Amino acid sequence: IMLGVFDQFFAARGFGVAFWLVVFVHGTLEITGMIMASAAGIILGKSFLFPGTIKRIEAFKQGAKDGVKIMIGLLPVFALAAFFEGFITRLYNDISILTTLIFGLSVIFVVWYFIIYPIRLGRKQFSHTKAEG
């Protein structure tokens with residue numbers, strides 16, 4: 244909601260494109276990271292509330308392990324977003340080609356890191372377990 248409010252605020256004053264260049268440079272990684280971090284919290288809560296057939300504490304421990312794995316995987320995403328926010332975002336007027344390039348590369352990175360790479364790992368793991376069985 245806040246992103247939409249700020250979009251309207253800046254667009255009404257003629258700064259819509261500049262606003263989105265500023266947001267997309269670091270926001271592509273940052274917002275994706277926040278969504279994935281929220282998923283880690285949901286995994287933790289789900290493991291506690293719905294332990295299944297194992298003890299609640301064991302399910303919670305497993306959920307915590309899974310959540311921590313996600314958070315560790317997000318460290319480079321947040322570090323890169325922080326770098327872009329600190330050093331690149333303020334240059335949106337000077338180098339719009341650079342900001343557009345960073346946005347495009349960020350989208351490619353997000354798709355690869357959160358969609359393509361996990362699918363490949365899953366297939367590789369599945370083929371190893373299938374070959375063993």
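Residue numbering for the sequence shown follows the working numbering, beginning at 244 and increasing consecutively.
All C-beta atoms in this analysis are idealised placements derived from N, C-alpha and C, irrespective of residue type, glycine included.
This one's a predicted model, so the numbers in the text were calculated from it and none came from an experiment.
Quick check on DSSP: helix, strand or coil for residue i?
| i | result |
| --- | --- |
| Pro319 | helix |
| Ile297 | coil |
| Arg333 | helix |
| Ile313 | helix |
| Ile274 | helix |
| Ile244 | coil |
If you follow the alpha helix (DSSP H) that residue i is in, where does it begin and where does it stop?
| i | result |
| --- | --- |
| Ile359 | Looking at the DSSP string, Ile359 is not in any alpha helix (DSSP H), and its letter there is neither H nor E. |
| Gly257 | From DSSP, Gly257 is part of no alpha helix (DSSP H); its letter is neither H nor E. |
Let me make sure I understand the geometry here. Which of the options has the alpha-carbon closest to that of residue i?
| i | options | result |
| --- | --- | --- |
| Leu334 | Ala283, Ala280, Val265 | Val265 |
| Leu317 | Ala255, Ile244, Ala283 | Ala283 |
| Leu323 | Met245, Gly306, Phe346, Arg363 | Phe346 |
Excluding the 5 residues preceding and the 5 following residue i in the sequence, name in chain order all residues of the same chain whose CB lies nearer than 8 Å to its CB.
| i | result |
| --- | --- |
| Val350 | Thr271 |
| Ser339 | Leu264 |
| Lys289 | Gly306 |
| Leu341 | Ile331, Leu334 |
Quick one: what's got a C-beta closer than 7 Å to residue i's C-beta in the same chain, skipping five residues either side?
| i | result |
| --- | --- |
| Phe352 | none |
Below 8 Å on the Cβ atoms is my contact criterion, and I expect residue i with residue j to pass it. Report the Cβ-Cβ distance as a whole number of Å.
| i | j | result |
| --- | --- | --- |
| Phe253 | Phe262 | 4 Å |
| Ala302 | Gly295 | 6 Å |
| Met279 | Phe357 | 7 Å |
| Ile377 | Gly306 | Look at the range of the chain in this structure, 244 to 376, and you will see that residue 377 is not part of it. |
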